[in-house]
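Going down the list, the protein sequences come from chains A and B.
Its first residue numbered 1, the first sequence is counted upward by one per residue in the numbering used here.
Its first residue numbered 382, the second sequence is counted upward by one per residue in the numbering used here.
Report on the structure given below.
Protein chains: 2
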Amino acid sequence: MKNFYKVGLMLTVSALLAGCGNLTNSSLSSHSNGTKTSKVTTTGTSKSGQYSTLLQGGEYHTSAITGLNSESDSDNASNPKSFEAGLLEISKKEFSPDKYFFQEGKMISASQAQKWLGRKSKNNPEGLNPEDNGSTDADKRNPIYLQQLLEQDFYTQNDKNYDLSGMTIGLSMNDVDYYTKEKYGAKFETKISDEQRLSEGREMANEIVNRLRRRSNLKNITITVGLYKQNVNDSLVGGTFFNYGVSSPGQKKVTNWKNISQQNQVLPVVNDEKPINSNDSEDFSNFKNHIQSYFSNLSGVTAQTHYQDGKLKGMAINITTQFYGVAQIDSFTQFVQDAAGKYLPQQPTIEIKIQTVQDPEAILVKDYNTKQYSSHVFASY
Amino acid sequence: MKNFYKVGLMLTVSALLAGCGNLTNSSLSSHSNGTKTSKVTTTGTSKSGQYSTLLQGGEYHTSAITGLNSESDSDNASNPKSFEAGLLEISKKEFSPDKYFFQEGKMISASQAQKWLGRKSKNNPEGLNPEDNGSTDADKRNPIYLQQLLEQDFYTQNDKNYDLSGMTIGLSMNDVDYYTKEKYGAKFETKISDEQRLSEGREMANEIVNRLRRRSNLKNITITVGLYKQNVNDSLVGGTFFNYGVSSPGQKKVTNWKNISQQNQVLPVVNDEKPINSNDSEDFSNFKNHIQSYFSNLSGVTAQTHYQDGKLKGMAINITTQFYGVAQIDSFTQFVQDAAGKYLPQQPTIEIKIQTVQDPEAILVKDYNTKQYSSHVFASY
Chain A
1 MKNFYKVGLM
11 LTVSALLAGC
21 GNLTNSSLSS
31 HSNGTKTSKV
41 TTTGTSKSGQ
51 YSTLLQGGEY
61 HTSAITGLNS
71 ESDSDNASNP
81 KSFEAGLLEI
91 SKKEFSPDKY
101 FFQEGKMISA
111 SQAQKWLGRK
121 SKNNPEGLNP
131 EDNGSTDADK
141 RNPIYLQQLL
151 EQDFYTQNDK
161 NYDLSGMTIG
171 LSMNDVDYYT
181 KEKYGAKFET
191 KISDEQRLSE
201 GREMANEIVN
211 RLRRRSNLKN
221 ITITVGLYKQ
231 NVNDSLVGGT
241 FFNYGVSSPG
251 QKKVTNWKNI
261 SQQNQVLPVV
271 NDEKPINSND
281 SEDFSNFKNH
291 IQSYFSNLSG
301 VTAQTHYQDG
311 KLKGMAINIT
321 TQFYGVAQID
331 SFTQFVQDAA
341 GKYLPQQPTI
351 EIKIQTVQDP
361 EAILVKDYNT
371 KQYSSHVFAS
381 Y
Chain B
382 MKNFYKVGLM
392 LTVSALLAGC
402 GNLTNSSLSS
412 HSNGTKTSKV
422 TTTGTSKSGQ
432 YSTLLQGGEY
442 HTSAITGLNS
452 ESDSDNASNP
462 KSFEAGLLEI
472 SKKEFSPDKY
482 FFQEGKMISA
492 SQAQKWLGRK
502 SKNNPEGLNP
512 EDNGSTDADK
522 RNPIYLQQLL
532 EQDFYTQNDK
542 NYDLSGMTIG
552 LSMNDVDYYT
562 KEKYGAKFET
572 KISDEQRLSE
582 GREMANEIVN
592 RLRRRSNLKN
602 ITITVGLYKQ
612 NVNDSLVGGT
622 FFNYGVSSPG
632 QKKVTNWKNI
642 SQQNQVLPVV
652 NDEKPINSND
662 SEDFSNFKNH
672 IQSYFSNLSG
682 VTAQTHYQDG
692 KLKGMAINIT
702 TQFYGVAQID
712 SFTQFVQDAA
722 GKYLPQQPTI
732 EIKIQTVQDP
742 EAILVKDYNT
752 KQYSSHVFAS
762 Y
């Protein structure tokens, strides 16, 4: 494992830009550490602000630790995506896509991550979650704080090689630890406070950085750590990051901790939930009412909203229809576009997906801080 | 029913253009035929070349005859969409979207269409399909030629009213008539030749026009008729139009019949099927092989292709993945965009849908005769 930080040998750097269409294939020798390494290629970027990805041996590398969980019974389907997407955003703050190439983490192995996600015990001295104190009382037991780990690696190009120069570690921390008192028994909950989550998260981050620094290839790279708060199981939206810090090359702990203010919410709000921003919530209600009064057979109109520093940054709207006539979908898409321009807030990134239970039928998108939507109705021949 | 051709009374003409965002609500009186009519609004168009739709009483009107079938046991899921979409294209040749407003047909009632789709018999003198001659032999029986009907209505704006000024009728004709010899029995097939389909289709079209002209409100409008050949049940692509004609105002039959040359095909071709165009087929294979060699876990890469006059006009590509990590989908989308620019033909409209079994993950599209793809990766918060 320890020579993976320097990949090279038989490089194929592919400047694959759409429309440009020329693929250069150059076979080059390299100066890696005497190990057999495989052909490295990169994907081009389709948008500025996105990473080029390193492909190894021609294939996309997936991290072995993605999806590993602690013993806590978390099952919110939105958490994994928002955890990964949010961590990429944090990475971009430290590792500019203009300079760094991305690859999913390969330094932390699955067996290692599994130990770290476990409780500390005689058999598992590396466990980052606290020892089992024997109690099954929600308020007296030691909860599982750390639920998932994620690693993202960042490489810089050095002549014919790509060198590992940065790493981002994500710690997904529980808001609620779901546990059972006996196997297959009823589910109980230990609520974790924001203060506990922050202090436990920072402590674990330091311990992880400290462990990683023991490896010679990780001593002198920048390691960024993001702390993520998982959303509870019954939410239809994922969690958010609340803190991140940086450990500069050589440092054995994380310094420069910074707060991140993010919130997610599903609209329309249900029960007695308070909207994060009542204007946004009303805008969405007006949009929803408008299209529902003109087109019957809409089974659902909901939005996931994403706030940063109190500002609405993104909306992902889902419209489920029970019709799929071509002319009707065309007409409905136009109508939705008109309604979106009229009722929805202008600043955030907005994505509107129109779908039947079987298939997506149409999509409308607009970028952050622009007004103009582009739409596409899916073809079928 | 007979006053439906003139709609008006309490008009709300809404110039709903995205970004423009002003909705004018004007209540106007009207000079309709003394009947109570409901408020008419229109949707704006999001693209040039698309119809504005008339909404009635605020709602989109769906035709009552859409989806009605003859007794033949046709079940290709792609036929209905390609039938409707193709008929809209024919309509655009006669009724320019710049001048005409679209509404799904409301002149032919469901009970009427059901009679027309039936076999001619003592109880059903209006049946357009031939009498049952008693034979169950595939070559001796009279097959069901006409499978479905579709009506599209076109209105022009006349001061404060919208007048019905054009109509397009689609006749979906069988390629194969699927029948059983006894209820719930085995399925047998009568193959219908191109010549039979053409002559039967034209004759039925004349009969339909003749019947419609008996109504005072349909005497003096242009009626266009399109003849569609249904695709067989085991195809993964819909059928195509092969003929269309026009009946000018007052004419009791269709004249000016014109051939339409269209073909659909799924790529990669299977078994011993011959590709419509071997260059296109090879281009697609190269694209498919390229992305499959770089990304494992792709369960399927297929394309629906649509040809007009021997030229590839459109491709709808479907890529099914087994992964849904955010970074991986991002990276894959970039990679697909590069590969599409490099391997796929440049002229046709191309749509590439990347999805897991649960959800669409990303979409790439380019217009006809352009090179540049635009892509969108679906968000999740």
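Glycine included, every Cβ here is placed at the ideal spot set by N, Cα and C.
This one's a predicted model, so the numbers in the text were calculated from it and none came from an experiment.
Check the Cα spacing between B:D479 and each of B:S451, B:E465, B:S433, B:D520: the tightest is with B:S433. Distance between B:L608 and B:L531, taken at the CA atoms: about 11 Å. Going by beta carbons, B:E465 and A:V232 fall outside the 8 Å limit. Apart from the 5 residues on each side of it in sequence, B:T636 sits with its Cβ closer than 8 Å to the Cβ of G626, V627, S628, S629 in its chain, given in chain order.
DSSP places A:V365 in the uninterrupted beta strand (DSSP E) bounded by 360–366. Looking at the DSSP output, A:H376 bridges to A:I363. When CB distances to chain B are screened at a threshold of 7 Å, the residues of the stretch 280–303 of chain A falling below it are S293, Y294, F295, S296, in chain order. Distance between B:N460 and B:D615, taken at the CA atoms: about 11 Å. Only V618, G619 from the stretch 597–619 of chain B bring a Cβ to less than 8 Å from some Cβ of chain A. Inclusion of B:K568 and B:D454 in the CB contact set at 8 Å is warranted, their separation being smaller than that value. For the stretch 95–114 of chain A, the residues whose beta carbon sits under 7 Å from a beta carbon of chain B are, in order, F102, E104. Within the same chain, Cβ atoms closer than 8 Å to the Cβ of B:K694 are found at H687, Y688, P729, T730, Y749, the five residues on either side in sequence being excluded. Beta-carbon to beta-carbon, A:G166 and A:E94 are separated by about 7 Å, close enough to satisfy the 8 Å threshold. Rounded to the nearest angstrom, the gap between the Cα atoms of A:S82 and A:Q355 is 22 Å. Against chain A, a Cβ distance below 9 Å from B:G499 picks out nothing, because the smallest value is about 24 Å.
C-alpha of B:T605 to C-alpha of B:D575: approximately 21 Å in a straight line. Contact check between the stretch 703–720 of chain B and the stretch 671–685 of chain B: three or more CB pairs, one atom from each, fall below 8 Å, which counts as touching. Going by DSSP, B:N460 is part of the alpha helix (DSSP H) stretching over 460–475. In the DSSP assignment, A:M173 is bridged to A:L146, A:K229.
In the structure shown, the three-state DSSP call for B:F622 is strand. Boundaries cannot be given for B:E512, as no alpha helix (DSSP H) includes it and DSSP labels it neither H nor E. For A:N318, the closest Cβ of chain B is not nearer than 8 Å. With a threshold of 8 Å between beta carbons, B:I744 makes contact with chain A.
Secondary structure of A:L344 (DSSP, three-state): coil. Scanning chain A for C-beta atoms nearer than 8 Å to the C-beta of B:Y762 yields S78, S82, V237, G238, N264, Q304, T305, H306, G314, A316, reported in chain order.
Among the residues of chain B, those whose CB is under 7 Å from the CB of A:G325 are T443, T447, E465, following chain order. With respect to B:L527, B:S642 sits apart: the two C-beta atoms are not nearer than 8 Å. Around B:P649, no beta-carbon contact reaches into chain A at under 9 Å, the shortest distance being about 16 Å. Taking 8 Å as the upper bound on Cβ-Cβ separation, chain A lies near residues F713, T714, Q715, F716, Q718, D719, A720, A721, G722, K723 of the stretch 713–725 of chain B. For A:H290, the enclosing alpha helix (DSSP H) starts and ends at 278–294. DSSP places B:Q577 within a helical segment (H, G or I) once states are collapsed to three. According to the DSSP secondary-structure assignment, A:I317 is paired through a beta bridge with A:A303, A:I352. When DSSP states are grouped into helix, strand and coil, B:E563 belongs to the coil group. For A:K115, the three-state secondary structure derived from DSSP is helix. Listed along the chain, the chain B residues whose CB falls inside 7 Å of the CB of A:L88 are V707, A708.
Cβ contact annotation for A:N220 (same chain, cutoff 7 Å, sequence separation greater than five): P249, G250, in chain order.
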